[in-house]
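Residue numbers (full-length UniProt numbering): 1 to 42.
In this text, a Cβ means the ideal position worked out from N, Cα and C, and glycines have one as well.
One structure is given below, encoded as structure tokens.
This is the structure:
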């Protein structure tokens, strides 16, 4: 029973970590895209 809870917890943390990584990559890409646009407008 304890093992099951541990598994669920680690799975939840893994999900959170992957979400964080996806968000980070998205913001990184967005930042780069924004910089390109600013350069174009100059």
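Check, Outcome
"Backbone CA spacing between residue 41 and residue 24 [nearest angstrom]", "26 Å"
"C-alpha gap between residue 36 and residue 22, whole angstroms", "21 Å"
"Residue 4 versus residue 13 - alpha carbon distance", "14 Å"
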